[in-house]
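The block underneath contains the structure these notes are about, expressed in structure tokens.
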Amino acid sequence: MQGFIHSTESLGTVDGPGIRFVIFMQGCPLRCKYCHNPDSWNINGGKAYQSDEIFEIAMKYKNYFMKNGGITLTGGEPLLQMDFCIELLKKFKAAGVHTAVDTSGFMFDIKRNESVEKHLELIKYTDLFLLDIKHISSLKHKELTGVPNDNTLAFAKFLSEHNKAMWVRYVLVPNLTDSEEDLKELRKFLDNLKTVEKVEVLPYHTMGVPKYKKLGIDYPLANVTAPSKAQVEFAKKILTR
Ligand code: SF4
Numbered sequence: 014m015q016g017f018i019h020s021t022e023s024l025g026t027v028d029g030p031g032i033r034f035v036i037f038m039q040g041c042p043l044r045c046k047y048c049h050n051p052d053s054w055n056i057n058g059g060k061a062y063q064s065d066e067i068f069e070i071a072m073k074y075k076n077y078f079m080k081n082g083g084i085t086l087t088g089g090e091p092l093l094q095m096d097f098c099i100e101l102l103k104k105f106k107a108a109g110v111h112t113a114v115d116t117s118g119f120m121f122d123i124k125r126n127e128s129v130e131k132h133l134e135l136i137k138y139t140d141l142f143l144l145d146i147k148h149i150s151s152l153k154h155k156e157l158t159g160v161p162n163d164n165t166l167a168f169a170k171f172l173s174e175h176n177k178a179m180w181v182r183y184v185l186v187p188n189l190t191d192s193e194e195d196l197k198e199l200r201k202f203l204d205n206l207k208t209v210e211k212v213e214v215l216p217y218h219t220m221g222v223p224k225y226k227k228l229g230i231d232y233p234l235a236n237v238t239a240p241s242k243a244q245v246e247f248a249k250k251i252l253t254r
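Quick note, the sequence shown lines up with residues 14 to 254 if you use the working numbering.
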């Protein structure tokens, strides 16, 4: 099967445990205001690969990632290419590789049987999910990303019900995602899940800004600066306790 890939990173250290071969899939249905990969949005972009091809490229690095690491599918939104992801993950699992998927959970539509069935298949071949919860308030989530958070929260519950390990990732943006009330509300939601192994607070940064300039898109958070160390510590205290 053919899939569209934005890029790869052979020795990734921030997308899951250990050293990882990271595959950035092309295409994303969200438009997060702080996105630092706007060049991954267009589903018609990226480079076409057969699943075998990308599997073989990744396995060249197996000496680095086999011990404590593995591979991670991220994006964009990798699950926009669900069938390709499942095929690829199956190959890695058959080769004994630890697999992680970094997702917004947006593709999980509990009202559609087909979507639920695909996700049931997906979790068979995924050891760990890195679940990006962008905001606990659906209204604010929509303002921030263009879509509500129902699917994301439903997917978190689905992973918990199916005993699937997850690391929750939360981007901390001053004045947008850092209110004490919202952080506490998110923590309350996480407290009801039984498979959250870790919560990662990711400080907002502006490294993606040059990409917007290159693409001729206005950067939506032009006046927002990175959170201070104290702001990050405050959020961590609430979310990672
Ligand atoms: S989900 Fe990720 S890739 Fe998609 S817009 Fe948001 S930050 Fe960017």
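From the three backbone atoms N, C-alpha and C, an ideal C-beta is built for every residue, glycine too.
| Item | Value |
| --- | --- |
| Which runs of the beta strand (DSSP E) spanning at least 3 residues fall entirely within the region 22-100, listed in chain order? | 33-38, 60-63 and 83-87 |
| Quick one: does the C-beta of G16 sit closer than 6 Å to a heavy atom of the ligand GTP? | No copy of the ligand GTP appears in this structure; the ligands present are the ligand SF4. |
| What three-state label does DSSP hand K211 in the structure shown? | strand |
| Name, in chain order, the residues that DSSP records as bridge partners for V114. | L86 and F142 |
| Here's a check: name, in chain order, each residue in its chain whose Cβ is nearer than 6 Å to the Cβ of K207, leaving out the five neighbours to either side. | S173 |
| Check whether the region 235-250 touches the region 74-85, taking contact to mean three or more Cβ pairs, one atom from each stretch, closer than 8 Å. | no |
| Give me the residue from G89, D122, H218 and L166 with the minimum Cα distance to G58. | G89 |
| Does A169 pass the burial test, meaning 16 or more other C-beta atoms within 10 Å, or should it be called exposed? | buried |
| Going by the beta-carbon positions, is the gap between A167 and L141 smaller than 7 Å? | no |
| Which same chain residues, not among the five before or five after A107, have their C-beta less than 8 Å away from its C-beta? | none |
| Look up G16 in the DSSP assignment and give the residues it is bridged to. | Y62 |
| Nearest CA to the CA of T165: which residue from L185, E210, V129 and S64? | V129 |
| Can you tell which of E193, T158, E134 and K211 has the C-alpha that lies nearest to the C-alpha of H175? | E134 |
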